[in-house]
Amino acid sequence: MTRYEMAKLARTKFNNPSGKLKVVGITGTNGKTSVSHFVYQALTLLGENSFVLGTLNSNLTTPESLDTVRLMSDHLNKKGTHFVMEVSSHAIKQGRVAEIDFSIRCLTNITQDHLDYHGNFEDYEQTKLSFLHAKPGVSIGPSDFSEIKIPENSNLLGEFNKQNLQATKAILLELGYSEKKANKVLSEVKSPPGRFEIIEGAQPFTVVVDYAHTPDSLRSVLNTARQCLPSKKARLLCLFGCGGV
0 MTRYEMAKLA RTKFNNPSGK LKVVGITGTN GKTSVSHFVY QALTLLGENS FVLGTLNSNL
60 TTPESLDTVR LMSDHLNKKG THFVMEVSSH AIKQGRVAEI DFSIRCLTNI TQDHLDYHGN
120 FEDYEQTKLS FLHAKPGVSI GPSDFSEIKI PENSNLLGEF NKQNLQATKA ILLELGYSEK
180 KANKVLSEVK SPPGRFEIIE GAQPFTVVVD YAHTPDSLRS VLNTARQCLP SKKARLLCLF
240 GCGGV
């Protein structure tokens, strides 16, 4: 059985729960986890019964279709209204999300990643864009949210988080929430674990843990960390590597 056939089976077996939920799919090289969790937190603050699926609560960023649709069905049975999920390029390419009825499809950005799987950047880029432009669902890309104003009282650090909040606000507005309500909840959202997470302790220095693993994301994190240094003489030390380091 191919993954496309499995996706159709999952849709039929669970009576297509995605058609009864507001499903928000978020893809992109960087920011998927942060935007997913920002949307989830915002919806929860707005009183919605929402669920988030992705890197932090799944072995795969985007699980196999049967697992994902089962989670949707369970959430629907618990009177769930919104389902927010990260969508990886592997999942798009393999058809794991082919039978999901997305209400909103969001692309955070596209830079270099997963070339070992895709072979070249062109294939990677086209895979991401194929999800953004598929139906059903409203498409939201960088050009749609780059000019959106975000709350000035957000305590999230970094230009990358500004962009993540812009994408989140665009999603909330598309879901029908007013700018006033969106701004209120966005001022309260917090970074998910491992995303520019400041580790508090008794040490006489600041420790930041971040998932950055692409050239673009690592550059953004280091630039933000550098802006947080107490003086020009302070040192910035970076330890990076593959998973588990």
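Sequential numbering of the sequence shown, starting at 0, is according to numbering that gives the first Met the number 0.
Glycine residues also receive a C-beta, built at the ideal position from the N, C-alpha and C atoms.
Since the model is a prediction, treat every value here as computed from it, not as a measurement.
Asked	Found
Alpha helix (DSSP H) segments (min. 4 residues) lying fully within the region 129-192	141-144, 158-173 and 178-185
Length of the line joining the Cα atoms of GLY136 and TYR123	21 Å
For LEU20, the nearest candidate out of GLN40, ASP100, LYS12 and ASN154 (CA to CA)	ASP100
C-alpha distance - LEU128 paired with GLU151, whole-angstrom precision	31 Å
Among HIS36, THR1, LEU42 and ASN15, the one whose alpha carbon lies nearest that of TYR176	LEU42
N- and C-terminal bounds of the beta strand (DSSP E) containing VAL220	No beta strand (DSSP E) holds VAL220; the alpha helix (DSSP H) holding it covers 214-226.
Extent of the continuous beta strand (DSSP E) to which ILE197 belongs	196-198
Minimum C-alpha distance to PRO16 - residue among LYS77, ILE198, ILE109 and ILE91	LYS77
Per-residue DSSP class, three states only, for GLY24	strand
Whole-Å CB distance - VAL86 paired with THR61, under 8 Å assumed	5 Å
Short Cβ contact (8 Å threshold) for GLN165 with ILE139	no
Contact check, PHE13 vs ARG104, beta carbons under 8 Å	no
Straight-line gap, CYS237 to VAL208 (C-alpha atoms, nearest Å)	10 Å
Beta-carbon proximity list for GLN245, same chain, < 6 Å, skipping 5 on both sides	Look at the range of the chain in this structure, 0 to 244, and you will see that residue 245 is not part of it.
Neighbour-count burial assignment, ASP115, 16 or more Cβ in a 10 Å radius	exposed
Distance CB(PHE82)-CB(HIS74) smaller than 8 Å	yes
Distance between beta carbons of VAL23 and SER102, contact taken as under 8 Å	6 Å
Contacts around THR80, its chain only, beta-carbon distance under 6 Å, and the 5 residues preceding and following it disregarded	GLU47 and ASN48
HIS36, buried or exposed, once every other Cβ within 10 Å from all chains shown has been counted against 16	buried
Local Cβ density within 10 Å of VAL244, reported as buried at 16 or more and exposed below that	The predicted model places VAL244 with a pLDDT of 37, which falls under 50 and marks its position as unreliable; any figure quoted below should be read in that light. Result: exposed.
Anticipated Cβ contact below 8 Å, SER64 with ALA133, distance rounded	No, SER64 and ALA133 are not in contact; Cβ-Cβ is about 15 Å, not under 8 Å.
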